[in-house]
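Q: Would you mind keeping the following structure in view while I ask a few things?
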Amino acid sequence: MIITAQLALGPDSTLDAVESAVRGLEAAGVAAVCLLDAADTGAASPFESTTLCGRLASTTSEIGLVAANSALYGFPYHLARRLATVDHFSDGRSGWLLRTGTAASEQSAYDWRSTRGRTAELHRAAEYAEIALELWNSWEDGAQYPDKVTGDYKDDSRIHAIDYRSLAFRVEGPLDVPPSPQRRPVLFAEVGTAEEAGYLAPAVDVALVPDAALAEAAREADPTTLVLLVLPVDIPAAEASRRRTEAAAAGVALECSTDTADAAAALAAALGATRAPGGTLAAALGLAETLTHGGRAA
Amino acid sequence: MKRMHLSLNLTEYGRHSGGWRHAVSDVSRIPNLEAYRHAVRTAERGLFDQAFIADTPVHNWGRSSATTTRIDPLEIAAALSTETEHIAIIATLSTSYNEPYDVARRAASVDTITGGRIGINYVASTGDATARNFHRARQLPHDERYARSNEFIEVATKLWANAPTADRPGSRVVHHGRFFDVDAVLDVRQPMHGRPLIVQAGSSAEGRDLAARWADAIYAGGSTLERAQEYYQDIKARAAAYGRDPDSIKVLLGIAPFLGDTAEEAAELQAVLDANHAEGADLVGHLSDLLEYDLRAHDPEGPLPFDLLPEVKSASVSQATLFTRMRARRT
Ligand SMILES: Cc1cc2nc3c(=O)[nH]c(=O)nc-3n(C[C@H](O)[C@H](O)[C@H](O)COP(=O)(O)O)c2cc1C
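Shown next, in the form of structure tokens:
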């Protein structure tokens, strides 16, 4: 069964504690760990999710590393570069959890402000992801071929500007990073309402849902999206298994902290956590064949 | 005894743009994390204080420009933190195309990951192409970019000063300025030394002023001894005018050494690298960009038309003046 973990960082999380938690999850067969920082949890912590994934790329070897990174604030170009960097360094184990909420700490910290309600936020998040996907797709295969003899380093004719323009964004591109082992991170989103299912399930590869009804809504919005049921870590394996079957989910995402990561690892092992072979996160989730590489929504 | 500070310009294959074609460079992976690791470990063994990662977040079209892969410097710093114990990483960040809150969060995180071994080289960024990746049609004028830089560092510094620590929660920062409007509590733990080191590399009057006001260390281009001395005195005087102890700013002068056990070996290495760089590359086009004057109509073997060269306004002023001065001395 596909099992991922939602690891919430807390005020007392130390680097050692985070690394040992992630190693434990990796050993238990967990396919991916999503790092949730203060903008997700509301509790200040020592780490920001994406930079922490940069470090974990060097200290883990098999588990997928999913960075929670805003899909509302900041710049899509930077987001695309950061995750391409993590994908290179982790040999294709990167993921992006689209953060589509406005945490209290962020609400009036950035240039952009959320003033037009949830629908406008979700629309912005979907555009943000679309830009990132186009940037990750801006180099054709083979555009990077360092040839010491001829002095050719890359082939500009196979690298393309994206010229993305919308009311909210204008990004010329291309990305200045050569294609990473996985080409792009696997996209995740938490889906908590029917409206979120409608906007986010088609935009991502993996939808994280709290119950059977939203599992159904996510599948309805996009039948190709992998649906994982979010579960607490303090329930028996049989109960977890029953709830997953009831929701017809492809697997489960276990909510834990550095303190409860051991329990999450034990539950994952009891549930028969497996990573499909292939090395990349997409392969571990069985998505390697179906992962698309962007393209503007029609 | 006066100590010397050493900073490495960290790239995969060295700073020379022909470096990647040298026999020892492993280009089987791009970017090459192992090459970065090797370089930073070697620098630490050689007692360098810091390894500096340059950055310009835009694709470089054209053939002559391939020197190193550009990827996010803070993620590189985090990934390299497992390799070393002492050396700091200085990550370049654009103040024109970032937001202080985001930088404050990420740099604070990398500070904890590296055990307090992170600094930021704040650059104003040059060029319209970069602006076009970040929702603008063109860059702001030079003085506006520096006004934004000053305000950027001010806001980031306030956010770090009021960040949560192990003993107390963070406090609110309210800043209503020309470029930034922030009312927020930083939600990532305060860096070990209060804030990451501030590094700067501007050479214009605005650049020097920014450095004098904020910087812990400065990267200086420095072409001749007299110029370097003038620069050094000027920075120290400006720092004093801001009420700072002039000794609190370290001026690091850039050099590009070619290494060998003998002078002949070093010269040979330079010849090999220079040959790698030149072949097939549009050098005249590159130089035209640098000097902001189209040289294509002139004889590539002839002297530079010094009398026709304009005063460089927007591009890399220090590189351009350094180049023309060097050339003038040789001919
Ligand atoms: C050693 C050194 C490193 C630099 N690194 C960068 C860099 O990584 N990114 C960048 O945009 N500019 C970089 N610059 C350019 C400076 O930030 C600055 O823009 C330039 O020296 C021109 O000065 P001015 O901005 O005051 O006109 C660097 C300059 C020097 C001397």
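Sequence lines, in order, name chains Z and P.
Counting from 1, position 10 in the first sequence corresponds to residue 10 in the working numbering; the numbering is continuous, with no gaps.
Each position in the second sequence, counted from 1, maps to that position plus 1000 in the working numbering.
Positions of the beta carbon are idealized from the N, C-alpha and C atoms, including for glycine.
The structure displayed is predicted, hence computed values, not measured ones.
Taking just the CA atoms, how far does Z:L187 sit from Z:E19?
A: Computed Cα separation, rounded: 23 Å.
Q: Say whether chain Z places a C-beta atom closer than 8 Å to the C-beta of P:A1091.
A: With 8 Å as the cut-off, P:A1091 does not count as an interface residue toward chain Z.
Q: Between the Cα of Z:T290 and the Cα atoms of Z:A201, Z:T224, Z:G95 and Z:V171, which residue gives the shortest distance?
A: Checking every option, the nearest Cα to that of Z:T290 belongs to Z:T224.
Q: So what does DSSP say about P:P1234, is it helix, strand or coil?
A: The identity of residue 1234 of chain P in the sequence shown is Asp, whereas the question assumes Pro. Of the three classes helix, strand and coil, the one that applies to P:D1234 here is helix, per DSSP.
Q: Which of the three DSSP states, helix, strand or coil, is assigned to P:P1100?
A: Helix, per DSSP.
Q: Z:E220 lies in the beta strand (DSSP E); which residues open and close that run?
A: It is not in any beta strand (DSSP E) - Z:E220 instead sits in the alpha helix (DSSP H) that spans A212 to A221.
Q: Buried or exposed for P:T1262, please, with buried defined as at least 16 other CB atoms from any protein chain shown within 10 angstroms of its CB.
A: Counting Cβ neighbours within 10 Å, P:T1262 comes out exposed, since fewer than 16 surround it.
Q: Run down chain P in chain order and give the residues with a C-beta less than 7 Å from the C-beta of Z:E121.
A: None at all; the shortest Cβ gap to chain P is about 18 Å.
Q: For my contact list, P:Y1013 and P:L1080 are in at a C-beta cut-off of 8 Å; report their separation, rounded to the angstrom.
A: Going by Cβ atoms, the distance from P:Y1013 to P:L1080 rounds to 16 Å, so no, they are not a contact pair.
Q: Who are the Cβ neighbours of P:D1274 in its own chain at under 7 Å, not counting the five residues just before and after it?
A: Excluding residues within five positions, the ones whose Cβ falls inside 7 Å are G1018.
Q: Looking at C-alpha atoms only, which residue of Z:Q144, Z:K154, Z:L267 and Z:D12 is the closest neighbour of Z:P181?
A: For Z:P181, the nearest C-alpha among the options comes from Z:Q144.
Q: Quick check on the burial criterion: 16 or more other C-beta atoms within 10 angstroms. Buried or exposed for Z:T51?
A: Counting Cβ neighbours within 10 Å, Z:T51 comes out buried, since at least 16 surround it.
Q: Counting only the same chain and skipping the five closest in sequence on each side, list residues whose C-beta sits under 7 Å from that of Z:G279.
A: Contacts found: D91 and G92.
Q: State whether the segment 1115 to 1122 of chain P contacts the segment 1223 to 1230 of chain P, with contact taken as three or more CB pairs (one from each stretch) at a distance under 8 Å.
A: Taking 8 Å as the limit for Cβ pairs, the verdict is that the segment 1223 to 1230 of chain P does not touch the segment 1115 to 1122 of chain P.
Q: Quick check on DSSP: helix, strand or coil for P:D1183?
A: The answer is strand: DSSP assigns P:D1183 an E or B state.
Q: Using a Cβ-Cβ cut-off of 6 Å (strictly less than) and excluding sequence neighbours within five positions of P:Y1231, which residues of its own chain qualify?
A: Taken in chain order, the residues that qualify are A1220.
Q: Compare the Cα-Cα distances from P:A1155 to each of P:S1248, P:V1185 and P:H1298 and report the closest residue.
A: For clarity, residue 1155 of chain P is Val in the given sequence; the question names Ala instead. Nearest C-alpha to P:V1155: P:V1185.
Q: Quick check on P:E1012: does DSSP put it in helix, strand or coil?
A: Reduced to three states, the DSSP call for P:E1012 is coil.
Q: For P:K1250, name the three-state secondary structure that DSSP assigns.
A: In this structure, P:K1250 counts as strand in the three-state DSSP scheme.
Q: Is there a Cβ of chain Z sitting closer than 8 Å to that of P:R1145, yes or no?
A: It does not; no Cβ of chain Z falls within 8 Å.
Q: Along the chain, where does the alpha helix (DSSP H) containing P:A1077 start, and where does it finish?
A: Note, P:A1077: alpha helix (DSSP H), P1073 to L1080.
Q: Given Z:A158, which residues of its chain have a CB within under 6 Å of its CB, disregarding the five upstream and five downstream residues?
A: Residue identity check: residue 158 of chain Z is Arg in the sequence provided, not Ala. Answer for Z:R158: E140 and A143, listed in chain order.
Q: Please list, in chain order, all residues of the same chain as Z:R118 whose beta carbon is under 7 Å from its beta carbon, the five residues on each side excluded.
A: Hits under 7 Å: E195.
Q: P:P1305 versus chain Z: which residues are under 7 Å apart at the beta carbon?
A: Ordered by position in chain Z, no residue passes the 7 Å Cβ test against P:P1305, which lies about 28 Å from the chain.
Q: Answer yes if the segment 1043 to 1061 of chain P comes into contact with the segment 1082 to 1091 of chain P, meaning at least three C-beta pairs across the two stretches below 8 Å, and no otherwise.
A: Touching, per the Cβ criterion.
Q: What residues in the segment 178 to 202 of chain Z have a beta carbon less than 8 Å from any beta carbon of chain P?
A: Of all residues in the segment 178 to 202 of chain Z, P178 have a Cβ within less than 8 Å of some Cβ in chain P.
Q: Could you tell me whether the segment 55 to 68 of chain Z touches the segment 156 to 170 of chain Z, where touching means 3 or more Cβ pairs closer than 8 Å?
A: No, because fewer than three Cβ pairs between the segment 55 to 68 of chain Z and the segment 156 to 170 of chain Z fall closer than 8 Å, the two stretches do not touch.
Q: Can you find a heavy atom of ligand 1 that lies under 7 Å from the Cβ of P:D1055?
A: Yes, the Cβ of P:D1055 comes within 7 Å of a heavy atom of ligand 1.
Q: Of all the CB atoms in chain P, is at least one closer than 8 Å to the CB of Z:P146?
A: Yes, Z:P146 counts as interfacial toward chain P.
Q: What are the boundary residues of the beta strand (DSSP E) that includes Z:V230?
A: Z:V230 -> beta strand (DSSP E) spans L226 to P232.
Q: Have a look at Z:V171 and Z:K154 and give me their C-alpha separation to the nearest angstrom.
A: Rounded to the nearest angstrom, the two C-alpha atoms are 22 Å apart.
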